[in-house]
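Residue numbering for the sequence shown follows this note's numbering, beginning at 53 and increasing consecutively.
Glycine included, C-beta positions come from ideal geometry on N, C-alpha and C.
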Amino acid sequence: MNSPKFLQKLIGVMLAIVFLAGCGAPAATPTLPPTFPPPPPPTATFPPPTIPPTSIPPMEAPETPKNIQSSPTVEPVLPARELWPGNNHMYEVVYVSGGISWEAANQSAQARGGHLATIASEAENDYVFSIASSSEHREGFWLGGYQIPGSSEPEGDWVWVTGEPWSYTCWDVGEPNNNDIPTGMAEERLHFHWEDSPMWNDLPASNEVPHGYIVEYE
Ligand SMILES: [Ca+2]
Ligand SMILES: [Ca+2]
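Laid out in structure tokens, this is it:
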């Protein structure tokens with residue numbers, strides 16, 4: 053019974069069994085965990101928000117600084133005009149922050165209906181100085197005196213813009229000196245030398261250091 057043929061058949065049957073066992077229905081593919089996390093669910097897309105035009109405030113033009121002006125600031129220092137009982141004239145102090153020349157001040161005073169203040173007496177000088185003075189030691193305000201061209205220097209032929217007599221003077225010590233320091237220019241216009249002094253000085257007509265003038269209304 054244990055012939056080679058029998059053994060061969062036995063081996064063949066066993067191989068067939070093994071073959072069928074290994075080659076039967078394909079084994080189910082093992083479920084492997086995903087290598088990468090699943091993609092996130094698509095996010096909902098929303099249209100860009102729309103803002104009603106009415107909710108957007110209109111662009112406003114930049115505000116112009118009120119304290120910056122292209123021309124000199126002209127403003128009265130005191131209540132518009134003051135009456136001096138000494139002659140019943142009105143006086144007005146006009147402050148020009150950037151300075152002003154005598155010629156410009158003279159024209160401005162006339163445009164206001166008056167003239168640069170003319171001083172006929174010590175009482176008038178004291179009064180006019182009292183309304184124009186301050187504790188600041190700066191060049192004082194223009195007055196209505198000037199020197200006729202070609203006059204003898206430094207004191208010859210000073211006159212008032214009104215033509216009234218040049219009878220009273222209140223020159224500061226050493227003035228008039230007809231010498232603008234440091235330019236050396238001739239001086240032929242009148243002003244209070246300093247804000248804190250009633251004394252006078254002569255200055256060039258083009259000088260713009262005085263920061264105001266005094267108008268007299270008759
Ligand atoms: Ca002079
Ligand atoms: Ca002078």
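What's the gap between the Cα of residue i and the Cα of residue j?
i, j, result
"Thr214", "Glu270", "11 angstroms"
"Glu191", "Asp232", "13 angstroms"
"Pro137", "Ser204", "36 angstroms"
"Asp209", "Ile200", "6 angstroms"
Under 7 angstroms Cβ to Cβ from residue i, same chain only, skipping five residues before and after it: list those, please.
i, result
"Leu135", "Met142"
"Ser173", "Tyr220"
"Ala157", "Leu168, Trp194, Tyr265"
"Ala238", "Asn230, Pro256"
"Glu260", "Gly151, Ile152, Ser153"
Based on the DSSP secondary-structure assignment, which residues constitute the bridge partners of residue i?
i, result
"Phe181", "Answer is none; Phe181 lacks a bridge partner."
"Glu268", "Tyr143, His167"
Could you spell out where the beta strand (DSSP E) holding residue i opens and where it closes?
i, result
"Trp223", "It is not in any beta strand (DSSP E) - Trp223 carries neither H nor E in the DSSP assignment."
"Val211", "210-212"
"His243", "241-244"
"Gly197", "194-199"
"Asp232", "Element bounds for Asp232: n/a, residue is neither H nor E."
"Asp254", "252-255"
Can we count residue i as close to ligand 4, meaning its CB is less than 7 angstroms from some heavy atom?
i, result
"Glu174", "Although ligand 4 was asked about, the structure shown includes only ligand 1 and ligand 2 as ligands."
Excluding five sequence neighbours on each side, which residues of the same chain lie with their C-beta closer than 6 angstroms to the C-beta of residue i?
i, result
"Glu188", "Glu247"
"His263", "Val148, Gly151"
"Trp154", "Trp194, Arg241, Ala257"
"Pro206", "Pro228, Asn229, Asn230"
For residue i, which residues in the same chain have their Cβ closer than 8 angstroms to its Cβ, ignoring the five residues on either side in sequence?
i, result
"Val225", "Met251"
"His245", "Glu191, Gly192, Asp224, Glu227, Met251, Trp252, Asn253"
Pick out the complete alpha helix (DSSP H) segments inside the region 134-171, 4 residues or longer, and give them in chain order. Whole alpha helix (DSSP H) segments, 4+ residues: 154-163.
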